[in-house]
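Structure, as structure tokens:
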Amino acid sequence: MNPVSQYGYAYDAWLASACMPASAVRKLLDYYGSSEACHEAVCRNDDGLKELISQRFYQLLYSTGTKENLEKLQKVMDRHGIRSLVFTDPGFPSSLHEIHDPPAILFMQGNKDCLRDRSLAIVGSRAASYTGQKAAGRLAEDLGRHGITVISGLACGIDAAAHRGCLDGKGLTIAVVGNGLDRVYPADNRCLHDDILKNGGLIISEYAPGEKALGWHFPVRNRIIVGLSRALILMEARIRSGSMTSVNHALEQGKDVFVYPGDPASDCFEGNHQLLREGGLYFTSANDILEDLHWLDNPSAVRQNSDCVQGYKPSTPEEKTLMNALKPGALSFEQLIACTGLNPSVLMSTLTILQIRGVIEALPGKQYQIKH
């Protein structure tokens, strides 16, 4: 959409607000060239419309295409700093042209230059375990420090941990949401939403301003999360988790799927364990992923630095306690509970974080040791 036209980006919002299938909107834009031209066609009841959309959608577009509604939409977009891109625009992400049923229009807030960076998607359960959230945050932080843009969905749980972790690593992060950009969902993530924008990130939606977050929007938007990324990282999911739709999109798009192993005894990671059995890519650290993607300038040097415990300073008392316990040699989980006195869930979380950091490693027989 050309923002210098009479109603700027509002024509795109008007066209998207009819909630037509993306394929129908793409046909309209292909035929008429722009949302503004589509508006002109609707106003004059152009004959070509009959071959492109149903009478019901025509009536909806006609009734909402008033000057008053366009002015209202433009004011909302101006107030919230919302811009739009249609799939025929040169700046539209090229990777989305390759996916099944690409979005016809994208609405954005923030820094769209993020779309040019190397990016990875991190997904997982909304009701994630403490261990899963800590692991996602540390992984995203490490990816951010490597200059990788982290893409997720701004939901609670793993999504929020991934966005926040990337920001902690001074990285850029993109949130793809299932509602109009004039509102924040869930409301509890308002501060996170604002921090993403303040720190050079981007919020994206295919839904027009005013659209509420409906349940069916989320599995649909997952194709965009995956489509924008080079690979997908699954942090925590049950077998029937909504995150598994993202995995399916990744497989359909030919993307790599990296799977965090999690706790083998926990049902929270049963989806992860199934994927690993089916050939998902195992990882325990950011370097595992970056090296596999050939995104490390000097893999052996970085790997060596990551794997060496010398110079690593524990960031919590729990990390210090655990590392001191492992100095003499490998111990089992039960032995570590006895040696450290840590609560089992806290111990598992600390083990997970130090594995992601590349400080310790898991051995056969559920034992752990410091990497040498």
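According to the numbering used here, the sequence shown is numbered sequentially starting from 38. The beta carbon of each residue, even a glycine, is placed where N, CA and C say it ideally should be. The structure presented is a predicted model; accordingly, all values stated were derived computationally and were not measured.
Please go through the same chain and pick out, in chain order, the residues whose beta-carbon is closer than 7 Å to the beta-carbon of residue i, but skip the five residues on each side of it.
| i | result |
| --- | --- |
| Val284 | Leu269, Leu271, Val294, Leu312 |
| Gly237 | Asn148, Leu209 |
| Cys151 | Thr186, Leu209, Ile211, Gly238, Leu239 |
| Met385 | Thr168, Asp300 |
| Val110 | The sequence shown places Leu at residue 110, rather than the Val named in the question. For Leu110, where only same-chain residues beyond five positions count, the Cβ hits under 7 Å are Ala47, Ala50, Trp51, Pro246. |
| Phe320 | Phe295, Tyr297, Ile326 |
| Tyr68 | Gly85, Leu89 |
| Asn309 | Leu271, Glu273, Ala274, Val296, Tyr297, Pro298, Gly299 |
| Met57 | Ile90, Phe94 |
| Glu371 | none |
| Ala74 | none |
How many Å lie between residue i and residue j at the Cα?
| i | j | result |
| --- | --- | --- |
| Tyr405 | Leu288 | 33 Å |
| Leu234 | Tyr349 | 32 Å |
| Phe94 | Cys305 | 43 Å |
| Ala86 | Gly317 | The question names Ala, but residue 86 in the sequence shown is Leu. Roughly 46 Å between the two C-alpha positions. |
| Glu273 | Glu178 | 17 Å |
| Gly395 | Glu77 | 59 Å |
| Ser322 | Ile276 | 23 Å |
| Val221 | Pro381 | 36 Å |
| Lys64 | Phe129 | 17 Å |
| Glu108 | Glu307 | 50 Å |
| Ser278 | Lys104 | 44 Å |
| Ile407 | Leu327 | 22 Å |
| Leu123 | Ala55 | The question names Leu, but residue 123 in the sequence shown is Val. Looking at the two C-alpha atoms, the distance is approximately 15 Å. |
| Arg153 | Ser132 | 11 Å |
| Asp115 | Leu391 | 45 Å |
| Ser100 | Leu330 | 50 Å |
| Ile188 | His200 | 8 Å |
| Ser303 | Lys403 | 14 Å |
| Phe255 | Thr282 | 10 Å |
| Arg260 | His286 | 6 Å |
| Ser166 | Tyr244 | 30 Å |
| Ala61 | Leu180 | 38 Å |
| Ala224 | Leu251 | 14 Å |
Taking 8 Å as the limit between beta carbons, can you name the residues of its chain near residue i, skipping five residues before and five after?
| i | result |
| --- | --- |
| Val383 | Glu355 |
| Ala361 | Just to set this straight, residue 361 is Asn in the shown sequence, not Ala. The answer is none, since no qualifying residue turns up. |
| Ser72 | Met38, Tyr48, Asp49, Trp51, Leu52, Leu66, Val123, Ile142 |
| Leu229 | Leu191, Ala197, His200, Arg201 |
For chain C, find out if any of its Cβ atoms is closer than 9 Å to the Cβ of residue i; answer yes or no.
| i | result |
| --- | --- |
| Leu269 | As a matter of chain content, chain C is missing from the structure shown, which is built from one protein chain. |
Within 10 angstroms of its Cβ, does residue i collect 16 or more other Cβ (buried), or is it exposed?
| i | result |
| --- | --- |
| Asp231 | exposed |
| Ser337 | Any reading at Ser337 must be qualified, since the residue scores a pLDDT of 40, below 50, and its modelled position is unreliable; the value itself is stated next. So Ser337 ends up on the exposed side. |
| Ala164 | exposed |
| Asn7 | Here the chain covers residues 38 to 409 and nothing more, so residue 7 does not appear. |
| Gly202 | buried |
| Pro365 | exposed |
| Ala197 | buried |
| Asp84 | exposed |
| Trp253 | exposed |
| Lys171 | buried |
| Pro401 | exposed |
| Lys357 | exposed |
| Arg175 | buried |
| Ser91 | exposed |
| His409 | exposed |
| Ile393 | buried |
| Ser3 | Outside the displayed range of the chain (38 to 409) lies residue 3, so it cannot be described from this structure. |
| Gly184 | exposed |
| Glu315 | exposed |
| Ser352 | exposed |
| Thr377 | buried |
| Lys292 | buried |
| Pro127 | exposed |
Roughly how far, in whole angstroms, is the beta-carbon of residue i from the beta-carbon of residue j, given that I think they are within contact range, below 8 Å?
| i | j | result |
| --- | --- | --- |
| Ser470 | Ser266 | This structure leaves residue 470 out entirely; the chain is present only between 38 and 409. |
| Asn216 | Lys249 | 6 Å |
| Ile159 | Ile195 | 7 Å |
| Ala192 | Ala59 | So it is not a contact: roughly 22 Å between Cβ atoms. |
| Leu98 | Val79 | 5 Å |
| Leu368 | Thr387 | Between Thr387 and Leu368 the Cβ distance is about 13 Å, and since that is not below 8 Å, they are no contact. |
| Leu363 | Ile397 | 7 Å |
Leaving out five residues before and five after residue i in sequence, what residues of the same chain have Cβ atoms less than 6 Å from its Cβ?
| i | result |
| --- | --- |
| Val113 | Asp219, Pro246 |
| Arg182 | Gly206 |
| Gly118 | Gln146 |
| Thr389 | Thr168, Ala172 |
| Arg258 | Val213, Gly215 |
| Ser280 | Val160, Gly161, Ala274 |
| Phe144 | Ile119, Ser121, Leu218, Ser242 |
| Tyr44 | Leu107, Gln111 |
| Gly264 | Ser132, Leu133, Ile136 |
Give a single yes or no on whether residue i has its beta carbon closer than 8 Å to a heavy atom of the ligand GTP.
| i | result |
| --- | --- |
| Gly378 | In terms of ligand content, the structure shown is empty, and the ligand GTP therefore cannot be addressed. |
Completely contained beta strand (DSSP E) runs for the segment 339-396, where each covers 3 or more residues
As for any beta strand (DSSP E) of minimum length 3 sitting wholly inside the segment 339-396, there is none.
Going along the chain, which unbroken runs of the beta strand (DSSP E) with 3 or more residues stay wholly within the segment 250-299?
Counting only runs of 3 or more, we get 268-273, 293-296.
Segments of 3+ residues assigned as beta strand (DSSP E) that fall wholly inside the segment 137-219
DSSP runs (the beta strand (DSSP E)) wholly in the segment 137-219: 142-147, 156-161, 186-189, 210-213.
Segments assigned alpha helix (DSSP H), at least 4 residues, entirely inside the segment 104-143:
Fully enclosed alpha helix (DSSP H) runs of no fewer than 4 residues occupy 104-117 of the segment 104-143, in order along the chain.
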